[in-house]
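Colleague:
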Ligand code: OOG
Ligand code: MG
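Residue numbers (our numbering): 22 to 278.
1. Does the segment 146-165 come into contact with the segment 261-270, if we say contact requires no fewer than three beta-carbon pairs (one atom in each stretch) closer than 8 Å?
2. Can you check which of these residues, 200, 89 and 67, is closest to residue 102 by C-alpha distance?
3. Is the distance from the Cβ of residue 85 to the Cβ of residue 98 below 8 Å?
4. Extract the residue ranges of the beta strand (DSSP E) inside the segment 120-184, only unbroken runs of 3 or more that lie entirely within it.
5. Smallest Cα separation from residue 200: which of 273, 268 and 81?
6. Verify whether the separation of the beta carbon atoms of residue 117 and residue 245 is less than 8 Å.
7. Bridge partners for residue 265 per DSSP, in chain order?
8. Could you confirm whether any beta carbon from chain C is found closer than 8 Å to the beta carbon of residue 81?
9. Please specify which runs of the beta strand (DSSP E), each continuous and at least 3 residues long, are wholly inside the segment 194-250, giving them in chain order.
10. Return the CA-CA distance between residue 229 and residue 214, expressed in angstroms with no decimal places.
11. Who are residue 103's beta bridge partners in DSSP?
12. Starting from residue 65 and walking both ways along the alpha helix (DSSP H), at which residues does that stretch end?
13. So the candidates are 151, 210 and 218; which of them puts its Cα closest to the Cα of residue 87?
14. Start and end of the alpha helix (DSSP H) containing residue 91?
15. Report the three-state DSSP secondary structure of residue 31 (helix, strand or coil).
So, in structure tokens, the structure goes:
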């Protein structure tokens with residue numbers, strides 16, 4: 022496939038996100054992308070955001086839990102950049118108008134105090150963490166009916182849309198089995214454990230370092246890394262108050278308007 026086509030596909034997914042208009046899956050439009058091409062489309066679509074003034078502030082990992090892989094019918098981990106424009110004020114209001122069919126999922130976020138890249142041990146990535154926090158990610162696939170192949174979702178920057186982060190905490194050595202309860206209006210809708218995230222969310226951080234390194238990049242100090250959801254995602258509707266209670270780490274919340 023030529024570069025021109027990859028640029029066109031990047032514009033398609035970027036326009037769909039900007040205009041909150043669903044499109045058919047690229048694979049269904051006859052674009053059978055390789056994984057490498059899917060990440061090129063992702064790069065090109067994020068470059069369009071950067072040209073509009075957004076800044077990359079971190080990276081998200083996706084499909085790091087079986088719960089998410091099963092919900093979406095995929096078998097591999099994915100990743101994509103987060104920009105400053107995706108950040109939602111914790112405890113604030115989120116307007117549904119800019120979204121297509123948004124869902125929310127419970128996550129754990131890391132804040133780096135030193136750069137990470139390449140093959141790193143768990144001890145090495147842990148030493149690079151300034152703080153850890155409970156987080157909620159809003160995902161909004163740009164594809165009809167929230168259906169996609171692995172390549173489609175990668176090209177669509179992993180459905181990245183928004184995220185909110187609770188109060189940062191001093192990183193504790195053991196994040197491997199924290200209870201995570203996501204509530205809608207005070208009622209539990211998803212219950213899980215941080216153990217669902219690759220057995221230990223720090224493994225997701227090590228994976229983030231590895232994939233950054235493979236792409237010839239470094240995640241600088243100050244980067245945010247979302248480790249991936251510990252449970253299936255849940256559709257959000259106007260008026261609902263979403264709250265994550267994470268054992269030892271506390272709360273992240275917002276209200277949908
Ligand atoms: C892709 C994003 C997956 C996660 O935490 O696993 C993800 C999607 O499900 O649309 O963010
Ligand atoms: Mg996620």
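Glycine residues also receive a C-beta, built at the ideal position from the N, C-alpha and C atoms.
Modeller: Looking at the coordinates:
1. yes
2. Locating residue 102 in the chain shown gives position 81, counting from the first residue. Closest option to residue 102, Cα to Cα, is 67.
3. Numbered from its first residue, the chain shown carries residue 85 at position 64. Numbered from its first residue, the chain shown carries residue 98 at position 77. Contact flag set, yes.
4. 124-133 and 150-160
5. Reading the chain shown from its first residue, position 179 is the one you call residue 200. Here the closest residue by C-alpha is 268.
6. Residue numbering aside, residue 117 sits at position 96 when the chain shown is read from its first letter. Residue numbering aside, residue 245 sits at position 224 when the chain shown is read from its first letter. No, the Cβ-Cβ distance between residue 117 and residue 245 is not below 8 Å.
7. Position 244 of the chain shown, counting from 1, holds the residue named residue 265. As computed with DSSP, residue 265 is found in a beta bridge with 203 and 273.
8. Given the protein chain composition of this structure (a single chain), no chain C is represented.
9. 200-205, 208-214 and 245-247
10. By 1-based counting over the chain shown, the position of residue 229 is 208. By 1-based counting over the chain shown, the position of residue 214 is 193. In this structure, the straight-line span from the alpha carbon of residue 229 to that of residue 214 is close to 20 Å.
11. In the chain shown, the residue the question calls residue 103 occupies position 82. Its beta-bridge partners are 79.
12. For the purposes of this step, residue 65 is identified with residue 44 of the chain shown, where counting begins at 1. Residue 65 -> alpha helix (DSSP H) spans 56-72.
13. Working through the chain shown from its first residue, we reach residue 87 at position 66. Of the candidates 151, 210 and 218, 218 places its Cα closest to the Cα of residue 87.
14. By one-based count along the chain shown, residue 91 stands at place 70. That run of the alpha helix (DSSP H) goes 87-93.
15. Residue mapping note: residue 31 aligns to position 10 of the chain shown, counting from 1. Three-state DSSP puts residue 31 in a helix.
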